[in-house]
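Trainee: In the numbering used here, each residue's number is its place in the sequence shown (first place is 1) plus 40. Using N, Cα and C, we set each Cβ at its ideal position, and we do this for glycine too. Note that the coordinates shown come from a computational prediction; the quantities given were computed from them, not determined experimentally.
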Amino acid sequence: MNQLISTVAATINTVGDEGGDLDTKIIDILNAVIAVLGIVAVIVIIIGGVGYMTSSGDAGKVKKAKDTILYGVIGLVIVALSFAIVNFVIGNIIGGGA
41 MNQLISTVAA
51 TINTVGDEGG
61 DLDTKIIDIL
71 NAVIAVLGIV
81 AVIVIIIGGV
91 GYMTSSGDAG
101 KVKKAKDTIL
111 YGVIGLVIVA
121 LSFAIVNFVI
131 GNIIGGGA
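1) Please classify Ala-124: is it buried, with 16 or more other beta-carbons within 10 angstroms of its beta-carbon, or exposed?
2) Which stretch, first to last residue, makes up the alpha helix (DSSP H) that contains Asp-68?
3) Taking C-beta to C-beta, are Val-73 and Gly-112 nearer than 8 Å?
4) Is it buried or exposed for Thr-64, if we count other Cβ within 10 angstroms and need 16 for buried?
5) Nearest to Asn-127 by alpha carbon, out of Leu-62, Ile-67, Asp-61 and Ser-46?
6) Hey, out of Ile-114, Gly-100 and Asn-42, whose CA is closest to Val-76's CA?
7) Alpha carbon to alpha carbon, what distance is there between Thr-94 and Thr-108?
8) Tell me whether Val-129 is buried or exposed, calling it buried when 16 or more other Cβ atoms sit within 10 Å of its Cβ.
9) Just to confirm my understanding: we take Ser-46, look at its own chain, exclude 5 residues before and 5 after, and list those with CB closer than 7 Å. What are they?
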């Protein structure tokens, strides 16, 4: 996790440097942020799974754990769609596609 954060920070720090396209760096930053959000969604799913396993059959805890897993999956779907949409839109803007 620390390596991912340091990679994001290094990418952000190099935005003003000459020698790289600004468009490429923007895509790199957005992809890094989306990757971090994907990791967070997976962690939420894992937390929900642990909560489900340790619920001991308590209906309230089971419902809370299932909801947590559902929210994590929804978050993961949103992250995947945002990755596709961002890369498609920026690719068309940079590529000059009509």
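Mentor: On the basis of the data shown:
1) Residue numbering aside, residue 124 sits at position 84 when the sequence shown is read from its first letter. Exposed is the call here.
2) Position 28 of the sequence shown, counting from 1, holds the residue named residue 68. Counting along the chain, the alpha helix (DSSP H) containing Asp-68 begins and ends at 62–93.
3) Within the sequence shown, numbered from 1, the residue matching residue 73 stands at position 33. Within the sequence shown, numbered from 1, the residue matching residue 112 stands at position 72. Contact flag unset, no.
4) The sequence position of residue 64 within the sequence shown is 24, counting from 1. Exposed.
5) As a working note, residue 127 is residue 87 in the sequence shown. When only C-alpha atoms are compared, the closest one is Ile-67.
6) As a first step, residue 76 must be located in the sequence shown, where it is residue number 36. If we check each option's Cα against that of Val-76, Asn-42 comes out closest.
7) The residue you call residue 108 lines up with position 68 of the sequence shown. The residue you call residue 94 lines up with position 54 of the sequence shown. Rounded to the nearest angstrom, the two C-alpha atoms are 14 Å apart.
8) Position 89 of the sequence shown, counted from the start, is the residue given in the question as residue 129. By the 10 Å Cβ count, Val-129 comes out exposed.
9) The count along the sequence shown starts at 1 and reaches residue 46 at position 6. Hits under 7 Å: none found.
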